[in-house]
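All remarks here apply to the structure that follows.
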Amino acid sequence: MYVAVVLVVGRFVRVIVRTPLNNAKIENLPNADNLLRLFQDIYVVREKRHFYLESRLYGKLLFIVRSPDTVIRWSRYRVKMKDD
(Lines of atoms letter the chains of each structure in order from A and count residues from 1; the text may use other names and numbers.)
(Lines give C-alpha, C1' and ligand atoms only; values in the text may rest on other atoms or scores of the structure.)
Protein backbone atom coordinates (compact mmCIF):
# COMPACT_ATOMS: atom_id res chain seq x y z
CA MET A 1 0.00 0.00 0.00
CA TYR A 2 2.80 2.39 0.93
CA VAL A 3 4.62 1.72 -2.36
CA ALA A 4 1.48 2.45 -4.38
CA VAL A 5 0.95 5.79 -2.62
CA VAL A 6 4.58 6.78 -3.17
CA LEU A 7 4.37 5.87 -6.87
CA VAL A 8 1.15 7.83 -7.36
CA VAL A 9 2.54 10.90 -5.59
CA GLY A 10 5.79 10.64 -7.57
CA ARG A 11 3.93 10.44 -10.86
CA PHE A 12 1.73 13.41 -9.87
CA VAL A 13 4.77 15.55 -8.99
CA ARG A 14 6.51 14.56 -12.23
CA VAL A 15 3.48 15.59 -14.30
CA ILE A 16 3.29 18.97 -12.57
CA VAL A 17 7.01 19.77 -12.78
CA ARG A 18 7.83 18.39 -16.23
CA THR A 19 7.07 20.41 -19.36
CA PRO A 20 5.68 18.18 -22.09
CA LEU A 21 8.14 18.32 -24.98
CA ASN A 22 5.49 17.57 -27.58
CA ASN A 23 3.47 20.63 -26.62
CA ALA A 24 6.50 22.91 -26.27
CA LYS A 25 7.26 22.88 -29.99
CA ILE A 26 3.67 23.79 -30.86
CA GLU A 27 3.10 26.37 -28.11
CA ASN A 28 6.25 28.38 -28.86
CA LEU A 29 5.74 28.98 -32.57
CA PRO A 30 6.64 32.53 -33.62
CA ASN A 31 4.08 32.76 -36.44
CA ALA A 32 1.33 30.16 -36.71
CA ASP A 33 -0.68 31.87 -39.47
CA ASN A 34 0.23 29.31 -42.13
CA LEU A 35 -0.73 26.40 -39.87
CA LEU A 36 -3.98 28.10 -38.89
CA ARG A 37 -4.79 28.61 -42.56
CA LEU A 38 -4.20 24.90 -43.15
CA PHE A 39 -6.55 24.04 -40.25
CA GLN A 40 -9.20 26.34 -41.72
CA ASP A 41 -8.77 24.78 -45.15
CA ILE A 42 -9.29 21.32 -43.68
CA TYR A 43 -12.42 22.53 -41.91
CA VAL A 44 -13.88 24.12 -45.05
CA VAL A 45 -13.13 21.09 -47.20
CA ARG A 46 -14.79 18.82 -44.63
CA GLU A 47 -17.89 21.03 -44.59
CA LYS A 48 -18.11 20.81 -48.39
CA ARG A 49 -17.72 17.01 -48.20
CA HIS A 50 -14.61 16.81 -50.38
CA PHE A 51 -13.18 13.92 -48.42
CA TYR A 52 -10.33 13.10 -50.79
CA LEU A 53 -8.97 16.64 -50.56
CA GLU A 54 -9.50 16.57 -46.79
CA SER A 55 -7.39 13.43 -46.48
CA ARG A 56 -4.65 15.04 -48.60
CA LEU A 57 -4.61 18.20 -46.46
CA TYR A 58 -4.69 16.14 -43.26
CA GLY A 59 -1.72 14.11 -44.51
CA LYS A 60 0.12 17.36 -45.18
CA LEU A 61 -0.67 18.54 -41.65
CA LEU A 62 0.65 15.30 -40.15
CA PHE A 63 3.83 15.58 -42.21
CA ILE A 64 4.37 19.15 -41.00
CA VAL A 65 3.72 18.43 -37.32
CA ARG A 66 5.89 15.29 -37.23
CA SER A 67 8.95 17.04 -38.64
CA PRO A 68 10.49 19.76 -36.42
CA ASP A 69 12.37 21.30 -39.36
CA THR A 70 9.19 21.61 -41.37
CA VAL A 71 7.33 23.18 -38.43
CA ILE A 72 10.10 25.77 -38.14
CA ARG A 73 9.99 26.51 -41.87
CA TRP A 74 6.19 26.87 -41.83
CA SER A 75 6.13 29.11 -38.75
CA ARG A 76 8.96 31.55 -39.34
CA TYR A 77 8.24 35.17 -40.16
CA ARG A 78 8.58 36.17 -43.78
CA VAL A 79 10.61 39.25 -44.58
CA LYS A 80 9.15 41.25 -47.45
CA MET A 81 11.70 42.80 -49.75
CA LYS A 82 11.03 46.16 -51.40
CA ASP A 83 11.46 46.37 -55.14
CA ASP A 84 13.71 49.23 -56.20
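According to UniProt numbering, the sequence shown holds residues 1 to 84 in order.
No residue lacks a Cβ here, since even glycine has one placed at the ideal position from N, Cα and C.
- Each residue's CA atom was taken as its position, placing Arg-73 and Leu-53 some 23 Å apart.
- A contact between stretches requires three or more CB pairs, one per stretch, nearer than 8 Å, and the region 60-67 meets this requirement with the region 27-45.
- In the three-state reduction of the DSSP assignment, Ser-67 falls in the coil class, being assigned neither a helical nor a strand state.
- Remark: C-beta atoms of Asn-28 and Ser-75 do not approach each other more closely than 7 Å.
- Following the DSSP letters along the chain, one finds Ala-4 inside the alpha helix (DSSP H) bounded by residues 2-17.
- Assigned with DSSP and collapsed to three states, Val-45 falls in helix.
- In this structure Val-71 is not in contact with Val-79, their Cβ atoms being roughly 19 Å apart against a cut-off of 8 Å.
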